[in-house]
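Student:
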Amino acid sequence: MRRATITFAGPDAGVVYESLRPEAGRDVPKARVSLRAARGRVTLTIDADDTSALRAAVNSYLRWADIAARVRREVTS
Numbered sequence: 000m001r002r003a004t005i006t007f008a009g010p011d012a013g014v015v016y017e018s019l020r021p022e023a024g025r026d027v028p029k030a031r032v033s034l035r036a037a038r039g040r041v042t043l044t045i046d047a048d049d050t051s052a053l054r055a056a057v058n059s060y061l062r063w064a065d066i067a068a069r070v071r072r073e074v075t076s
């Protein structure tokens, strides 16, 4: 079992949490995802069966988080 833990903090944390929350509850092939929010921080934990599945899940969630943060910045600017 492989694990990655990623923490998001700052003004984008809330929108990242709300954007990733629906995805975190879904089953991903070979991976399990949990999402926690506390004190202005969001912690994403991904457990995967192997390194390839972990890499794929991390890439997807980071891409979605980046898109959510960029949209928030564009809308508020």
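Going by numbering that gives the first Met the number 0, the sequence shown opens with residue 0, and the numbers climb by one from there. Idealized CB from N, CA, C, for every residue including glycine.
Whole angstroms are fine: how far does the CA of Ala-67 sit from the CA of Val-14?
Tutor: The residue given as residue 14 occupies position 15 in the sequence shown. The residue given as residue 67 occupies position 68 in the sequence shown. Whole-angstrom Cα-Cα distance: 7 Å.
Student: Which residue or residues does DSSP assign as beta-bridge partners of Ser-33?
Tutor: On the sequence shown, residue 33 is found 34 positions in, with the first residue counted as 1. According to DSSP, Ser-33 bridges with Thr-44.
Student: Using only the alpha-carbon positions, how far apart do Phe-7 and Asp-65 sit?
Tutor: Counted from its first residue, the sequence shown places residue 7 at position 8. Counted from its first residue, the sequence shown places residue 65 at position 66. Computed Cα separation, rounded: 10 Å.
Student: Which residues mark the beginning and the end of the alpha helix (DSSP H) in which Arg-71 is found?
Tutor: Along the sequence shown, one-based indexing puts residue 71 at 72. Segment 50–75, the alpha helix (DSSP H) holding Arg-71.
Student: For Gly-39, which option in Asp-11, Ala-55, Ile-5 has the closest C-alpha, if you only look at C-alpha atoms?
Tutor: Here residue 39 refers to the residue found at position 40 of the sequence shown. Considering only alpha carbons, the answer is Asp-11.
Student: In terms of residue numbering, what span does the beta strand (DSSP E) encompassing Arg-25 cover?
Tutor: Indexing the sequence shown from 1 puts residue 25 at position 26. Per DSSP, Arg-25 belongs to no beta strand (DSSP E) and is neither H nor E.
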